[in-house]
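Okay, structure first, notes after.
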Amino acid sequence: MMKFYRDDDNAPRAQAEGELALLAAYLESDVQDDKEAGIELLQFLERKKGERVGNAYSIRFEEKEVIIEELHGDQSGSVNRNIFFQAVEAWIVFVGD
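Those letters in the sequence shown? Residues 368 to 464, per our numbering, in order.
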């Protein structure tokens, strides 16, 4: 489960544990408060496969999963495509409010 909230500076934040922690960090750093960036990400995801490089992470879309890799560190992990899609959709709604 992922929790979205705004910090004291009104910046959007995502909090999660386990495999979703890396996805939460990705949303905060690479999608940020940009609803359009989230929409573009979903459109890119619909292409089935590909890679995107952001501010702090690169993501690679495979057939059934999304691999998230930290650009300036050694963290990496994967999440199911459907879970990734749902999290980005929820983030778009959250930042769009």
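Even glycine gets a Cβ: it sits at the ideal position worked out from N, Cα and C.
Buried or exposed by the 16-neighbour rule on C-beta atoms within 10 Å, applied to residue i
{"i": "residue 420", "result": "exposed"}
{"i": "residue 455", "result": "buried"}
{"i": "residue 417", "result": "exposed"}
{"i": "residue 395", "result": "buried"}
{"i": "residue 462", "result": "buried"}
{"i": "residue 372", "result": "exposed"}
{"i": "residue 385", "result": "exposed"}
{"i": "residue 409", "result": "exposed"}
{"i": "residue 398", "result": "buried"}
DSSP bridge partner residues for residue i (one or two, in chain order)
{"i": "residue 432", "result": "447"}
{"i": "residue 382", "result": "370"}
{"i": "residue 426", "result": "419, 435"}
Residue i (DSSP reduced to helix, strand or coil)
{"i": "residue 440", "result": "coil"}
{"i": "residue 421", "result": "coil"}
{"i": "residue 375", "result": "coil"}
{"i": "residue 399", "result": "coil"}
Endpoints, alpha helix (DSSP H) assigned at residue i
{"i": "residue 405", "result": "402 to 412"}
{"i": "residue 390", "result": "387 to 393"}
_Cβ contact (3+ pairs, closer than 8 Å) linking the region 398 to 407 and the region 429 to 445_ = no
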